[in-house]
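Below is one structure; the comments refer to it alone.
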Amino acid sequence: MSEETWTAVDAYLGSLFLPSDAPLEEALRASAEAGLPPINVSPLQGKLLFLLAKAQQATRILEIGTLGGYSTIWLARAVPPGGQLISLELNPTHAAVARRNVARAGLAEVVEIRLGPAQESLETLAREGQAPFDFIFIDADKPGYSDYFALSLKLARRGTMIVADNVVRDGEVADPRSGDPNVQAVRLYNALIAADPRVSATVLQTVGSKGYDGLALALVTADRV
Ligand code: SAH
Ligand code: DHB
Ligand code: MG
0 MSEETWTAVD
10 AYLGSLFLPS
20 DAPLEEALRA
30 SAEAGLPPIN
40 VSPLQGKLLF
50 LLAKAQQATR
60 ILEIGTLGGY
70 STIWLARAVP
80 PGGQLISLEL
90 NPTHAAVARR
100 NVARAGLAEV
110 VEIRLGPAQE
120 SLETLAREGQ
130 APFDFIFIDA
140 DKPGYSDYFA
150 LSLKLARRGT
160 MIVADNVVRD
170 GEVADPRSGD
180 PNVQAVRLYN
190 ALIAADPRVS
200 ATVLQTVGSK
210 GYDGLALALV
220 TADRV
């Protein structure tokens, strides 16, 4: 089974489940034109994020790692009128591109993009005493994942879903001796969510146009976090 097959199946499934969508396609085009790396979630994964947030009946969503706002648009569309999505991004160029893409998608009122290191932005959010988020998507620098999980719990409630991208890394995650710091970081993340009694978690392996990777799902089950 090859990447070519996965991409063909992604195209087939996309033709069924993803009608053409000008704001999303334009977001990818503008991101590429601005030189952003093509590391957004795939269209079918974006729809999965949308459906998970919908199933959560999320009105408040937190995203860590905005890039050009592709996953941001998918998630923000799950939010009903009056809801909010806060997305954290370190790179000012990425944030600027994302703000334009989000505005073009008609979601400027829903989405707030906060510039700076996610760790600091998360600490600020906690200090602000923000209402808990219903859905949290972790997708920034992999070495930060474990800290982002700990800080996310402070911004969560029982029932919050915490999803993390890129936790399989072409299967390298199964190699305890991997020399790749990103692999070691997601191994640490997976071990952390597996052992934390405040969440019930699993990992879904994924293949498709973005290669072979995986999504970690952790549902907060503790009454107090
Ligand atoms: N969620 C996006 C992809 C995010 S790519 C999508 O699927 O469409 C990861 C992003 O995290 C990049 O834009 C990168 O600049 C940002 N990032 C890296 N380190 C960061 C940090 N310490 N704090 C916040 N964002 C960071
Ligand atoms: C990388 C980061 C991502 O968030 C992703 O989805 C794919 C690749 C990376 O840093 O290489
Ligand atoms: Mg990712």
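Residue 36 in numbering that gives the first Met the number 0 sits at position 37 of the sequence shown, and the numbers go up by one each step.
From the three backbone atoms N, C-alpha and C, an ideal C-beta is built for every residue, glycine too.
Note that the coordinates shown come from a computational prediction; the quantities given were computed from them, not determined experimentally.
Span of the beta strand (DSSP E) around residue i
i, result
"L216", "G210 to V219"
"E111", "V110 to L114"
"Q83", "Q83 to E88"
"D138", "Unbroken run through D138: none, as it is neither H nor E."
Identity of the residue in the options nearest residue i by Cα
i, options, result
"E24", "G67, D9 and W5", "G67"
"A97", "V219, S30, T220 and D140", "S30"
"V167", "G158, D179, E3 and R156", "D179"
"A217", "F16, Q55, I38 and A33", "Q55"
"V219", "L87, T205 and A200", "A200"
"L47", "A221, Y144 and A215", "A215"
"Q204", "Q44, A10, E32 and P36", "Q44"
"P42", "L61, A21 and G34", "A21"
"V185", "I72, Y69 and I137", "I137"
"S1", "D222, V224, Y211 and R223", "Y211"
Under 9 Å between C-beta atoms of residue i and residue j
i, j, result
"G207", "T6", "yes"
"A117", "Y147", "yes"
"D164", "V78", "no"
"L84", "R113", "no"
Integer-rounded CB distance, given that residue j should sit under 8 Å from residue i
i, j, result
"F132", "L154", "5 Å"
"V182", "V198", "Going by Cβ atoms, the distance from V182 to V198 rounds to 22 Å, so no, they are not a contact pair."
"V110", "G82", "At roughly 10 Å, the Cβ-Cβ gap does not stay under 8 Å, so V110 and G82 are not in contact."
"E62", "S86", "4 Å"
"E88", "T65", "4 Å"
Start and end residues, alpha helix (DSSP H) containing residue i
i, result
"G13", "E2 to F16"
"E122", "A117 to R126"
Practice problem: Under 5 Å from any heavy atom of the ligand MG, by CB: list those residues in chain order, please. | Solution: D138, D164 and N165
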